[in-house]
Amino acid sequence: MAMHRGRGFASINYPIGMNLGGDPSQALVHSNPDGKFTVALSSIDLGQGMKSVTRQIAAETLGIPVADVYVDTADSDTGPHCMGSFASRGTHRVGNAVIQAAQEARAVMLEAAAEELEVDASDLVTDGRGNIHVKGAPSRSITTMAACQAAQFKQGRTVSGRGIFLIPLSEVDPDTGEMTPVSCFAHAAMLVEVEVDDETGEVSVLDMQSAYELGRALNPKLVEQQLIGGAWMGMSHVLWETTEPYYPDRSHGPVDFNHYLMPGPGDLAPHHISVLERPAPDGPFGGKGPGEMCANPVLPAVANAVYDAVGVRIDDLPITPEKVLRGIRANGGARPKMRLPRAR
Amino acid sequence: MAKKPVTFTLNGSDRAAFAEEGLNLLEFLRRGIGDLSPKYGCGQGACGACTVIIDGETHLACLTMADAVHGRKVETASGLANGKVHPLQEAFMEYFAAQCGYCTPGMLMSAKVLLDRNPSPTRADVIEAISGNLCRCTGYEPIIDAILATANMRARA
């Protein structure tokens, strides 16, 4: 009886968003009486950072400090329409809608400032710190707050903007079968190393090396956070998660989520991540989205690594000790595919 | 149902409130006292989201009777920041150790007790300390790193 090490590789192309009847998201931006801005969305932040990223995008486009933007995603009944936070679409779809809305609001803000400064709006620039000034003449300036207040209390303008980003439905050509379901792909590759115990059938993930191409990482720490958390989910899918772990006898099965197995803090593997930034032409500031793909390559990579380690090809998940042992028995013993150098 | 007066210390302040017989500490803190930092996760003592500190030890508030804290010192995540954020909270932000944030108050409580007892824990000690707290977003790695960083920062200070 022995421990066998194996390596597995997987690479994926992952579509950003989907195309089932068209894929739209809307954003509304308006200034408040204190000169700060609210971005109204129905795109829910599940913890992945939707609010942070749309806040950055709005601030960058409006030309104001991030602190002056509030993102309201509270209510999908009253907010502008969004298809939802899924399909890795949030940053790409919603981000583009926010840019369009913020551009319209920015134009009104500059018009209001131009009227106060008695200059042409096309001569004005923002400094990103809360001021609007004449290009090349920083002393001829007005704060964004003063401009927005003048718009509301003197000029009678709404400093606001509407944005929508729509990937229209792509019908299948009945003659050729051709369609364009996806406009933007993200890419990833992953190498994992596992250890398989041929006595118990247990698989431990020892190491994960990954490379992700996600367009521009609009918030690099959030991207890294999603990739780390998502890879853990991938490990969970491939080795733990099932509602029926105790086959063949259902009477010993789980009765609630407390028995639903997922890896704990003691089951982690070091994960070395490289993020490659190739800005997407149709993405907001070049961003795509890590979303779902952060979990995906782990599954095939681990399945391949188990095959490499003991020669058992498992094609239904999760890879439980029982399946590994049955496979080893059917093969008449563990059949490692390659020898790795011993403990490095 | 009979109500019992419960007097205790919550995050350093004396508190008194009536608790119905059989009421658990989690409901008592959230509804009776209004401290919403302990979270209701499973209600069965499996997830750790409701972890609080009683007399220096971690307890699951959902499995503790409200009147059991009579005369005792209770600490919750809402008491961590004292004028400024606690070093653990600082490190959790620095290391992006929260996504949805639901497990965070319980994680902070488990981490605080660990560091109060063992100022220089190993990685294995940290894993052991948070093994009763489930997180479904972060993959734990950033949480472990944040707790270790807090210990290192304190050692250097």
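From first to last, the protein sequence lines are chains A and B.
Start counting the first sequence at 749; every next residue gets the next number (this note's numbering).
Start counting the second sequence at 1476; every next residue gets the next number (this note's numbering).
Cβ atoms here follow ideal geometry from the backbone N, Cα and C, with glycine treated the same way.
If you're wondering where the values come from, they're calculated on a predicted model, not measured in any experiment.
Tyr1055(A): member of the alpha helix (DSSP H) spanning 1046-1058, first to last residue. Of all residues in the segment 1046-1073 of chain A, none has a C-beta nearer than 9 Å to a C-beta of chain B. Of the residues Ala750(A), Ala850(A), Ala758(A), the one whose Cα lies closest to the Cα of Ala1049(A) is Ala758(A). With a threshold of 8 Å between beta carbons, Glu1565(B) makes no contact with chain A.
Counting along the chain, Gln973(A) sits inside the alpha helix (DSSP H) bounded by residues 968-987.
By the criterion of a C-beta distance shorter than 8 Å, Ala1624(B) is surrounded in its chain by Ala1566, Glu1569, Tyr1570, once the five residues flanking it on both sides are discounted. Any Cβ of chain B closer than 8 Å to the Cβ of Gly795(A) would place that residue at the interface, and such an atom is present.
In this structure, Thr874(A) keeps its C-beta atom at 8 Å or more from the C-beta atom of Leu966(A). Around Asp1510(B), the same chain offers Leu1485, Leu1504, Thr1551, Ser1553 as residues with beta carbons nearer than 7 Å, after the five sequence neighbours per side are excluded. Excluding residues up to 5 positions away in sequence, Ala1566, Phe1567, Tyr1570, Ala1572 lie with their Cβ nearer than 6 Å to the Cβ of Ala1621(B) in the same chain. Counted as a single uninterrupted DSSP element, the stretch harbouring Asp771(A) is not any alpha helix (DSSP H) but the beta strand (DSSP E) occupying residues 771-779. Between the segment 885-905 of chain A and the segment 776-788 of chain A there are three or more C-beta pairs closer than 8 Å, enough to call the two in contact. In the DSSP assignment, Cys830(A) is bridged to Ser773(A). Given a length threshold of 4 residues, each whole run of the alpha helix (DSSP H) inside the segment 1583-1625 of chain B is given here in chain order: 1598-1604. Taking the beta carbon of Ser1606(B) as reference, the chain A residues within 7 Å of it are Gly1012, Pro1013, Gly1014, listed in sequence order.
In the three-state reduction of the DSSP assignment, Met1540(B) falls in the strand class. Within chain B, the residues placing a beta-carbon under 8 Å from that of Trp980(A) are Thr1613, Gly1614, Tyr1615, Glu1616, ordered along the chain. Under the three-state reduction of DSSP output, Arg1629(B) falls in the helix class. Put simply, the CB of Ile976(A) is near chain B, with a gap under 8 Å to one of its CB atoms. Taking 8 Å as the cut-off, the Cβ atoms of Arg753(A) and Ala1057(A) count as close.
Shown in chain order are the members of the segment 1569-1599 of chain B whose Cβ falls below 8 Å from a Cβ of chain A: Phe1571, Ala1573, Gln1574, Cys1575, Gly1576. The bridge partners DSSP lists for Tyr1570(B) come to none. Scanning chain B for C-beta atoms nearer than 7 Å to the C-beta of Lys969(A) yields Phe1571, reported in chain order. Of the other Cβ atoms in all chains shown, fewer than 16 fall within 10 Å of the Cβ of Pro1018(A); this residue is therefore exposed.
Excluding its 5 nearest sequence neighbours in each direction, Lys799(A) has C-beta neighbours in its own chain below 8 Å: Asp793, Val819, Thr821, listed in chain order. Within the segment 875-949 of chain A, the complete beta strand (DSSP E) segments of 3 residues or longer fall at 879-882, 885-891, 908-915, 933-945, listed in chain order. One alpha carbon belongs to Ala1477(B), the other to Gly1576(B), and they sit about 36 Å apart. Below the 9 Å Cβ cutoff, chain A contributes Gly1012, Pro1013, Gly1014, Leu1016 as neighbours of Ile1602(B), in chain order. Any Cβ of chain B closer than 8 Å to the Cβ of Asn1006(A) would place that residue at the interface, and such an atom is present. With 16 or more other Cβ atoms from the protein chains shown falling within 10 Å of its own Cβ, Val1072(A) counts as buried. Along the segment 1500-1526 of chain B, the positions whose C-beta sits under 7 Å from a C-beta of chain A are Cys1517, Gln1519, Ala1521, read in chain order.
Three or more beta-carbon pairs separated by less than 8 Å link the segment 900-915 of chain A to the segment 760-775 of chain A, which places the two stretches in contact. Flagged as an interface residue toward chain B: Gln973(A), by a C-beta distance shorter than 8 Å.
Within the segment 1516-1560 of chain B, complete beta strand (DSSP E) segments of at least 3 residues are found at 1526-1529, 1532-1535, 1548-1550, given in chain order. At the C-beta level, Arg905(A) and Ala860(A) come within 8 Å of one another.
Taking every protein chain shown into account, the CB of Ser887(A) has fewer than 16 other CB atoms within 10 angstroms, so this residue is exposed.
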